[in-house]
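Letter 14 of the sequence shown, counting from 1, is numbered 14 in my numbering, and no numbers are missing.
All residues carry an ideal CB built from backbone N, CA and C; glycine is no exception.
Have a look at the structure below before the remarks.
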Amino acid sequence: MDYLGRVGCVFGFIMVLDVCWIGFNRTWRMGIYNENHATLSMAATHQVVIASLACWLQTALFLCYEEYDTQGMAFGKGAWIGSLVYGVFNLTSFSLFEGWRKSWRTSLGDTVWGTFLFGMAALVAQSLL
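In structure tokens form, the structure reads like this:
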């Protein structure tokens, strides 16, 4: 598969799984986002969506550009990128939004999720080589 085809597949993988993660954790009674009662304006919601799409696309571009010798190397590289992207987002949100400060579990759980998600996305990128 060519580079842009792989990017599209990895981007779709990240987008679908992350949207499912967010939806599940907002509707499940024990979900990590239920403790975060901060509400965003419609304009802020649009900004978060645009920023998320940009991060997912940039990560897909990066993960598909790299070539990995092993599956462990692929997962490790993706997990490293995921921990950086989600860690920066969650620590920033924890610092700025009162609702996020009510629960450290939200920031920690979402960072762990992003680490796992991008590790798996790197495995998808490697499998499409």
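So, residue i versus residue j, is the Cβ gap smaller than 9 Å?
i	j	result
Trp28	Leu117	no
Gly82	Gly119	yes
Leu128	Met1	yes
Ile14	Trp56	yes
Leu91	Ser107	yes
Please classify residue i as buried or exposed, where buried requires at least 16 other C-beta atoms within 10 Å of its C-beta.
i	result
Glu121	The amino acid occupying residue 121 in the given sequence is Ala; Glu does not appear at that position. Buried, because 16 or more other Cβ atoms sit within 10 Å of the Cβ of Ala121.
Ile50	exposed
Ala74	buried
Gly114	buried
Gly23	exposed
Gly78	buried
Near residue i, what residues of its chain come up, given a Cβ to Cβ distance below 8 Å and the 5 sequence neighbours on each side ignored?
i	result
Ile32	Asn25, Ser103, Arg105, Thr106, Gly109, Asp110
Phe62	Ile81
Tyr3	Cys64, Tyr65
Can you find the residues in the same chain that come closer than 7 Å, C-beta to C-beta, to residue i, ignoring five residues on each side of it along the sequence?
i	result
Arg6	Cys64, Ala125, Leu128
Val10	Ala60, Leu63, Cys64, Ala121, Val124, Ala125
Leu17	Leu117
Glu66	Lys77
Phe89	none
Leaving aside the five residues before and after residue i along the sequence, list all residues of the same chain whose C-beta is less than 6 Å from its C-beta, in chain order.
i	result
Tyr68	Ala74, Gln126
- Message: Give the list of continuous alpha helix (DSSP H) stretches no shorter than 4 residues that lie fully inside the segment 75-111.
- Response: 98-101
- Message: Suppose only complete runs of 4+ residues qualify. What are the alpha helix (DSSP H) ranges in the segment 1-31, listed by chain order?
- Response: 3-27
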